[in-house]
Ligand code: PMT
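Okay, here's the thing in structure tokens:
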């Protein structure tokens with residue numbers, strides 16, 4: 001039986017926490033509830049006690065058993081902690097590590113997975129302070145359950161409603177399914193570095209050379225690795241994509257920036273996957289002033305960039321190295337050539353001549369090329385699904 005510790009803080013959505021407790025209990029979870037002082041202005045301990053069939057915890061110094069230090073033992077007992085509803089005040093306190101009541105002390109003292117379901121007025125939610133606090137907590141591994149849009153008690157029709165208990169329960173169920181999968185994954189605790197997106201090579205203060213890579217392929221791979229328990233660093237060129245939760249993102253611009261960011265992290269990685277579309281050329285010089293229009297043609301001289309994948313292959317120690325190949329013809333032959341020339345363990349090719357896949361599309365179609373000349377076709381589909389298949393395939397091979 002899995003143990004859930006539910007922390008209820010002071011907002012009108014506290015009434016939904018009673019329903020949440022009921023739904024979790026009915027599914028067989030053992031639920032214990034902590035109520036903040038403010039939560040008790042809205043709901044009573046007795047309601048939670050009756051539903052959870054467990055004592056309810058209301059204060060740091062209201063110790064129930066002399067053998068335990070409550071704010072430590074509750075966190076140790078829990079397989080997952082849910083803060084629902086989470087007020088702006090609670091989120092702010094957690095983000096700076098304040099521990100002035102039972103809930104904040106317990107959360108500070110535990111390494112258990114924590115879910116946070118915010119509920120508040122939309123302006124409080126959108127306030128940069130709150131958003132910054134959420135960002136900090138996400139970086140610390142807190143998993144946020146986004147509030148929904150709709151009627152708020154303050155009279156607004158806007159974002160800020162605590163997610164419905166049924167949805168929260170299904171996320172918790174999924175978490176335990178994933179956790180089971182992660183615990184048997186060979187990527188668990190391994191360090192992975194993924195590159196994504198385009199590079200930007202500056203010509204003058206207003207012009208640059210880049211490409212149409214959206215970063216979607218690389219981001220999906222980084223997320224698939226994270227979902228297998230890897231500690232992922234994503235080195236990305238400029239994209240429109242939101243930084244994924246639980247992944248360290250390093251933003252870069254040029255091929256040289258990407259090279260430096262990858263190089264200095266390479267030694268500590270177990271696996272590196274290079275999905276970025278790195279420019280092969282960069283202007284020989286970056287002009288300080290905008291090039292003025294003149295009669296006639298203009299030539300810009302380019303020089304070669306560092307081939308990052310080749311550098312990694314040449315300096316490989318223990319790392320498993322996966323490169324991509326963006327080709328428009330002779331795909332099989334060029335991919336095999338890249339595999340050998342760049343000393344990679346795997347090359348994943350895609351036909352970037354097909355406009356329905358590859359660059360800046362949600363879809364792709366791929367072929368994995370292995371050193372033993374075996375190939376595995378990953379059929380056309382969404383990049384998110386393909387990324388999972390790639391990681392599954394790599395998992396079966398990389399430690400052989
Ligand atoms: O970002 P999306 O819109 O989702 O699109 C995904 C993608 C098409 C960009 C992706 O699937 C892909 O093919 N990425 C590799 C693009 C590329 O640069 O391919 P390439 O064949 O030119 O390079 C081969 C390999 O060498 C790649 O792993 C590349 O990252 C690497 N390389 C290339 C040049 C360079 N200077 N340094 C490198 O490390």
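In UniProt numbering, the protein residues as written are 1 to 400. Using N, Cα and C, we set each Cβ at its ideal position, and we do this for glycine too.
Could you give the first and the last residue of the continuous alpha helix (DSSP H) run that contains residue i?
i: residue 124; result: 122 to 126
i: residue 303; result: Segment 302 to 304 is the beta strand (DSSP E) holding residue 303; no alpha helix (DSSP H) there.
i: residue 177; result: 165 to 183
i: residue 261; result: 255 to 266
i: residue 399; result: It is not in any alpha helix (DSSP H) - residue 399 carries neither H nor E in the DSSP assignment.
i: residue 73; result: 70 to 77
i: residue 106; result: 102 to 108
i: residue 219; result: 216 to 226
Looking at the secondary structure, which residues open and close the beta strand (DSSP E) in which residue i lies?
i: residue 233; result: 231 to 236
i: residue 161; result: 157 to 161
i: residue 45; result: Unbroken run through residue 45 is the alpha helix (DSSP H), 45 to 52; no beta strand (DSSP E).
i: residue 282; result: 281 to 283
i: residue 80; result: 80 to 86
Who does residue i pair with in a DSSP beta bridge?
i: residue 366; result: 350, 378
i: residue 149; result: 159
i: residue 143; result: 115
i: residue 323; result: 274, 347
i: residue 3; result: 30
i: residue 392; result: Paired residue(s): none; residue 392 is not in a bridge.
i: residue 249; result: 234
i: residue 204; result: 207
i: residue 35; result: 8
i: residue 194; result: 234, 273
i: residue 56; result: 33
Let me check understanding here. Comparing Cα to Cα, which of the options lies closest to residue i?
i: residue 347; options: 359, 393, 385, 151; result: 393
i: residue 354; options: 211, 231, 370, 380; result: 380
i: residue 221; options: 174, 179, 271; result: 271
i: residue 164; options: 92, 85, 181, 210; result: 85
i: residue 397; options: 345, 103, 356, 303; result: 345
i: residue 162; options: 399, 149, 32; result: 149
i: residue 318; options: 143, 269, 231, 244; result: 269
i: residue 193; options: 368, 249, 287, 127; result: 249
i: residue 36; options: 100, 27, 96; result: 100
i: residue 311; options: 260, 333, 122; result: 260
i: residue 191; options: 158, 228, 166; result: 228
i: residue 329; options: 114, 64, 350, 22; result: 350
i: residue 166; options: 1, 10, 18; result: 18
i: residue 30; options: 143, 6, 280; result: 6
i: residue 230; options: 187, 168, 180, 20; result: 187
i: residue 107; options: 8, 264, 253; result: 8
i: residue 391; options: 214, 368, 372; result: 368
i: residue 15; options: 64, 28, 45; result: 45
Taking 8 Å as the cut-off, decide whether the C-beta atoms of residue i and residue j are in contact.
i: residue 234; j: residue 218; result: yes
i: residue 112; j: residue 82; result: no
i: residue 255; j: residue 305; result: yes
i: residue 3; j: residue 78; result: yes
i: residue 338; j: residue 363; result: no
i: residue 160; j: residue 125; result: yes
i: residue 342; j: residue 309; result: yes
i: residue 136; j: residue 34; result: no
i: residue 325; j: residue 335; result: yes
i: residue 300; j: residue 182; result: no
i: residue 60; j: residue 91; result: no
i: residue 238; j: residue 296; result: no
i: residue 145; j: residue 116; result: yes
Relative to ligand 3, is the shortest distance from any of its heavy atoms to the C-beta of residue i smaller than 7 Å?
i: residue 149; result: With respect to small molecules bound, the structure shown includes ligand 1 and not ligand 3.
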